[in-house]
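Single-structure report; data block below.
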Amino acid sequence: MKKDSEKHGFEQRFRECDAKFNSIFELSSVATKIINSDLTILKVNKALCKLLGYTAEEILGTKILDHACEEHIDHWHHLQEELWAKQVSNFKLKACLYRKDREIVWVDVTTILYTDQGETFGFTVLDDITGLKHFENSQKRLNVALKYSGTAIWELDIKSGEVFRSPDHDQLFGYDSNSKKWFLEDYYPHLSERDLESFKGALQKIAQTDGLDVQARVLRKDGQLQWLNIKGTPEKDDSGQVVRVIGVINDITKDKLIERHKDDFISIASHELKTPVTSLKASLQLLDRSQDGASERVKSLILQANKGINRITAIIDDLLNAGKNYEEQLSLRKEDFDIYFLAEEVIDQFETLPTQSIELLGHKNSMLTADSERIGRVLTNLIGNAIKYAPKSSKIKVNIENQQDSIRVSIIDKGPGIPQDKIPLLFDRYYQATDNKNSASGLGLGLFISANIVRKHLGKIGVSSDPLTGTNFWFELPK
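Residues in the sequence shown are numbered consecutively from 76, following my numbering.
Structure (structure tokens):
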């Protein structure tokens, strides 16, 4: 009786353990299956069905090879050999499987060998690592793209000063490979003294400016000189403190060399042109003063020639003022004047076109203390752009607003507008926001020079634009 009781108790505990196992197996959130020696699937849980998109009935009796990607079939044969031929207790592999909808899932597979009633089975757990695999592949593609574009990613921890970076970061500074660690101070020996101060200053003000954008001359470890563009965006904690800076570093050496060659050519060409143009302009002025007895045809030709030479003179001035440090080199000759009357004079210089008119609005007696010649140049550039880039705008408005401490001038057209992604670039040197539909000629210097003149006066310049309503270029000058 005692043996029968013990046997019954053992069977009862076995059934209880078996029930617990089945319950855990079925309810586990991790995909799980049981296979035999020929890799036939004998048991699956709900998580595996969800992973592969089948019902349990559709999976049971199939082989794992039926779901394996072709290039990974050998991995499963290797598992079969290790577990059932060599009797290794467990085996791990990474593999990809096809779902019912033929999408691919990546899994981290762990199989444990166990024996039940004299037969050996494999208990397999499959961790879904599809997201991680996609991330790894994206990271590889990103690293390749960064390598061939001369771009590196950097992330500065403000508290520790440590910089986490992409694989090719250190190569931009002349090293063969990335060192184990890189700190903020490791940039300093490579940056020229002037650019180092700009870099430090931009970092100190990053909380107020919401970003840094510094072009720096760099002395590489291998002795080469190059230009890098260091950009960064701050990340803040809940209290508003900057905790890290994330950005990119681009090699812009080729762009700088091209820019230098362009500057050299423009400087030489403009100086060579200035002398004969000045002589030609003086001759035309003499002709203009001695028109007595001249026919209307001759007077018209002299008028057209004067307008043409004035346009040429403006272009040469643009060329001469094309230097990037134009604002620093610019000297102002300030005087008191009424900007409303200055705007009238500038508008009179433009030839009246049959399809366009310029309307002057706003306040007279808008007095400024500024360089009237330079401000006239700004007005000329902005009005000229409106005429050139909005040819179908029948009316261009120039509005003078006399504000409490400043005067705001707006040049408004009803043209096609400017794409939003191009607006931040409009005041860059040589930039022109043209496309195939608008092939207006120019050097891309007018807005650059205008912005420098306004800023030299401690003023502001900007633009708002919409394809439906047109464009509004404006500038404000302190009185």
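All C-beta atoms, glycine included, are put in the ideal place defined by N, C-alpha and C.
If we count the other Cβ atoms within 10 Å of its Cβ and call it buried at 16 or more, is residue i buried or exposed?
i           : result
residue 511 : Below a pLDDT of 50, predicted positions are generally treated as unreliable, and residue 511, at 46, falls in that range; no measurement from the model is reported.
residue 415 : buried
residue 491 : buried
residue 499 : exposed
residue 460 : buried
residue 269 : exposed
residue 545 : buried
residue 543 : exposed
residue 164 : exposed
residue 440 : exposed
residue 197 : buried
residue 152 : exposed
residue 514 : For residue 514, the predicted model reports a pLDDT of 49, less than 50, meaning its position is unreliable and no value from the coordinates is stated.
residue 464 : buried
residue 449 : buried
Hey, out of the options, whose CA is closest to residue i's CA?
i           : options               : result
residue 158 : 449, 289, 114 and 142 : 114
residue 177 : 391, 141 and 546      : 141
residue 536 : 543, 544, 553 and 542 : 553
residue 228 : 190, 322, 189 and 503 : 322
residue 126 : 273, 181 and 259      : 181
residue 245 : 371, 326, 105 and 432 : 326
residue 466 : 189, 487, 280 and 447 : 487
residue 209 : 433, 301 and 171      : 171
residue 201 : 451, 195, 187 and 145 : 187
residue 132 : 139, 119, 143 and 144 : 119
residue 412 : 257, 272 and 451      : 451
residue 301 : 449, 288 and 267      : 267
residue 494 : 319, 541 and 471      : 541
residue 293 : 314, 271, 286 and 287 : 271
residue 431 : 447, 449 and 462      : 462
residue 453 : 470, 520 and 104      : 520
What are the start and end residues of the beta strand (DSSP E) that includes residue i?
i           : result
residue 228 : 226-232
residue 188 : 179-191
residue 411 : 410-413
residue 527 : It is not in any beta strand (DSSP E) - residue 527 instead sits in the alpha helix (DSSP H) that spans 521-531.
residue 106 : 106-110
residue 470 : 470-477
Taking only three categories from DSSP, how would you classify residue i?
i           : result
residue 502 : coil
residue 445 : strand
residue 537 : strand
residue 290 : strand
residue 485 : strand
residue 436 : strand
residue 514 : Residue placement at residue 514 cannot be trusted, given a pLDDT of 49 that sits under 50; what the coordinates show is reported in the next sentence. Note: residue 514 maps to coil in three-state DSSP.
residue 319 : strand
residue 380 : helix
residue 546 : strand
residue 258 : strand
residue 253 : coil
residue 298 : coil
residue 197 : strand
residue 461 : helix
residue 431 : strand
Considering just the uninterrupted stretch of the alpha helix (DSSP H) at residue i, what are its terminal residues?
i           : result
residue 75  : This structure cannot settle anything about residue 75, because the visible part of the chain is limited to 76 through 554.
residue 328 : 328-364
residue 175 : First-last for residue 175: undefined, no H or E at that position.
residue 279 : 268-279
residue 155 : 148-155
residue 131 : 131-134
residue 125 : 121-127
Would a C-beta distance cut-off of 7 angstroms place residue i and residue j closer than the cut-off?
i           : j           : result
residue 384 : residue 356 : yes
residue 456 : residue 539 : no
residue 502 : residue 522 : yes
residue 265 : residue 248 : yes
residue 443 : residue 320 : no
Answer yes or no: does any C-beta atom of chain C fall closer than 7 angstroms to that of residue i?
i           : result
residue 115 : Note that chain C does not occur in the displayed structure, where there is just one protein chain.
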